[in-house]
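Each remark here refers to the structure printed beneath this line.
In UniProt numbering, the protein residues as written are 1 to 719.
So, in structure tokens, the structure goes:
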């Protein structure tokens, strides 16, 4: 198979960037995608079978009802929208006791003869003596029946008034023993997901039989199930034929339609995943009055339907952004990639803990001499104007004014004036040292380029160089700024990277057309400014690549562990366009002060999911409070008014009460009114979040919203 430039390494290529296997490149992403069933401990390329498939079948058959956005659906049980009013224990038990005593009193009055024969009068009216004479057997039976009916009525009335049923539920035997999971019977064959009914209904009985047998025997895992479902989508969309799919499944069973890497699972998992719903569990929604009742105590999970609106997370160092958010999401998207549903790019500092190298197909370790892969400086494009726009965003995007006519456009023009002529002459774009010389305006390189244009018959491009040389003499020329920025990449540490000579073919984000897993390690130590340029470069290449994909059913996501210096006006506009391209980004920041003030509001508005970690500063909290808005709530004002006694007896009673309770006699007045208050105030976000917690608001790609939720992230998603 021919290479597209994404397979070859900088020096000695060992492992190609995977492409989807044949019926892997499927159609629409399934609407449902798992918790983790038992998985192998051996390397994923050699998955050992379980003794039987009972554990997998239990996982597969688990209920996953529809739920509000962000709710962990695996085994979820829906809760009421509003919190039921719970009677205080003292009031409940006191009322139950009073009802019992009242019932006992009525019983005594009736059956001990205190009311004479009056209580027996209804029976005499309904059953005259002619039907059942006194002292007859029938009269005795009717008498005891009347006793039983009367006693039952007394018990029912007393029990209803005294809430005996609620007392039993709260303090009965079921409250003493731990909750036991109900024993579930196997579903009927026509409702069993392990029977692969969608295949049988389409006539692929042989494939369904093979898969059902492997599911029962323990040879199938959650990634296999999701991957085959994705491949079937390709058959339904017409990308592949039924015969090809059936032959592959009958031949290979659960190992059919493998990811090009040949892997069926990750080396290890650190979070709970559910590939049926596509979710990864991050934590548990706190049982807090500020959370809606239906969310309290439920699992909190994210999936592509939420990441498709992009996510912004802000919190100080050590608040858990990487370990509690980025790594679980990266792990989840890598599993989706193995199932053929997603492509993922994870960007962070070297050693940031973004997962082992074995969990990725491509690991680009910039400035590391042993890195197998390089990064294409121009994003794999051959269009000089597109390459200039991407590179200008990386080099000078953070200097741009957020208004039209900014330096970003001028930077694009300057780069295009050089990249176009250079490519016309050399058939490639300039390397970093060559581009630096051209931007510096060195006479030698510009003269050589001018001569080459004349020699090769590209005189029409000379006017580009003429315009560039005229601009060099102006004080406001951005070429000098671009030269200073590109000089940050023209360092010995990067000497072997960003090669354009044709001897190597660096990795390009054009490969996001395939379900590829990519990790890019940035050289933070000693190269902080260069790392910011590279992070902006990756973001610009990502947004440009996903917008022109042929198959947008493949979800693409960029995880940027530290977005400091990355948020630019063009980046904000690009993030707004990702939802329609079935793509999203996850950006983490230590503080919103790392974003220019004019861009903070647009950034919060461009991302559908927003997350504030514990330890947030009050001024950052103010921005979140504004974007989350206000809501109507019920305020209760309680006023205690002292009671003034007017009679001697009343005064004496008040004196005795004060001696006993230590308080004066008061009357309490309660006023209830509707007021509009912030969902979360800046002070609550800055000082009211416990360690290991965060407040998260969600929006799905369909427009469904979840209000800001207080979430406990401490080991909430662990296995």
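We put the beta carbon where it would ideally sit given N, CA and C, even for glycine.
All values derive from a computational prediction rather than experimental measurement.
Item, Value
"4 or more residues per run - each alpha helix (DSSP H) lying fully within the stretch 377 to 428", "384 to 396, 407 to 426"
"Within the stretch 535 to 610, ranges of the alpha helix (DSSP H) (whole runs, at least 4 residues)", "569 to 577, 597 to 606"
"Cα-Cα separation, residue 646 to residue 90", "33 Å"
"Among 689, 704, 537, 55, nearest to residue 395 - alpha-carbon criterion", "537"
"Close beta carbons around residue 634, own chain, < 7 Å, minus the five adjacent residues each side", "672, 674"
"Segment contact flag, the stretch 190 to 199 with the stretch 309 to 318, C-beta cutoff 8 Å, min 3 pairs", "no"
"Test item: CB-CB of residue 223 and residue 338 under 7 Å", "yes"
"Straight-line Cα distance separating residue 388 from residue 534", "15 Å"
"Residue range of the beta strand (DSSP E) that includes residue 363", "362 to 365"
"Segments of 4+ residues assigned as alpha helix (DSSP H) that fall wholly inside the stretch 477 to 502", "479 to 487"
"Residue 708 (DSSP reduced to helix, strand or coil)", "strand"
"Counterpart residues of residue 637 in DSSP-defined beta bridges", "671"
"Residues that DSSP places opposite residue 348 in a beta bridge", "521"
"Spatially closest choice to residue 276 from 73, 93, 191, by CA coordinates", "73"
"Residues sharing a beta bridge with residue 676, DSSP", "632"
"Cutoff 7 Å: residue 353 Cβ touching any chain C Cβ", "The structure shown has no chain C; it contains just one protein chain."
"Under the three-state DSSP convention, the category residue 274 falls into", "strand"
"Cβ-Cβ distance between residue 701 and residue 308 below 7 Å", "yes"
"Alpha-carbon to alpha-carbon, residue 559 and residue 614", "21 Å"
"Nearest to residue 185 (by Cα), restricted to the options 57, 531, 448", "57"
"N-terminal and C-terminal residue of the alpha helix (DSSP H) that residue 58 is part of", "54 to 61"
"Through-space distance from residue 59 to residue 495, alpha-carbon basis", "51 Å"
"Which of helix, strand or coil DSSP assigns to residue 281", "strand"
"Cross-strand partners of residue 642 (DSSP beta bridge)", "666"
"Residue 380 versus 75, 391, 372, residue with shortest Cα-Cα distance", "391"
"Whether residue 335 touches residue 557 by CB criterion (7 Å)", "no"
"Residue(s) in a DSSP beta bridge with residue 71", "300"
"Start-to-end residues for the alpha helix (DSSP H) that takes in residue 435", "432 to 440"
"Bounding residues of the alpha helix (DSSP H) (the contiguous stretch that carries residue 337)", "327 to 338"
"Where the alpha helix (DSSP H) containing residue 217 begins and where it ends", "205 to 217"
"Meets three-Cβ-pair contact criterion under 8 Å: the stretch 573 to 586 and the stretch 539 to 548", "yes"
"Pick from 86, 95, 153, 67 that is closest to residue 107, judged by C-alpha positions", "153"
"Inter-stretch contact (C-beta, 8 Å, three-pair minimum) for the stretch 280 to 295 and the stretch 662 to 671", "no"
"Residue nearest to residue 360 in terms of C-alpha spacing, selected from 430, 346, 366", "346"
"Other residues of its chain near residue 705: CB distance less than 8 Å, five sequence neighbours each side excluded", "69, 697, 698, 699"
"Where residue 87 sits in the DSSP three-state scheme", "coil"
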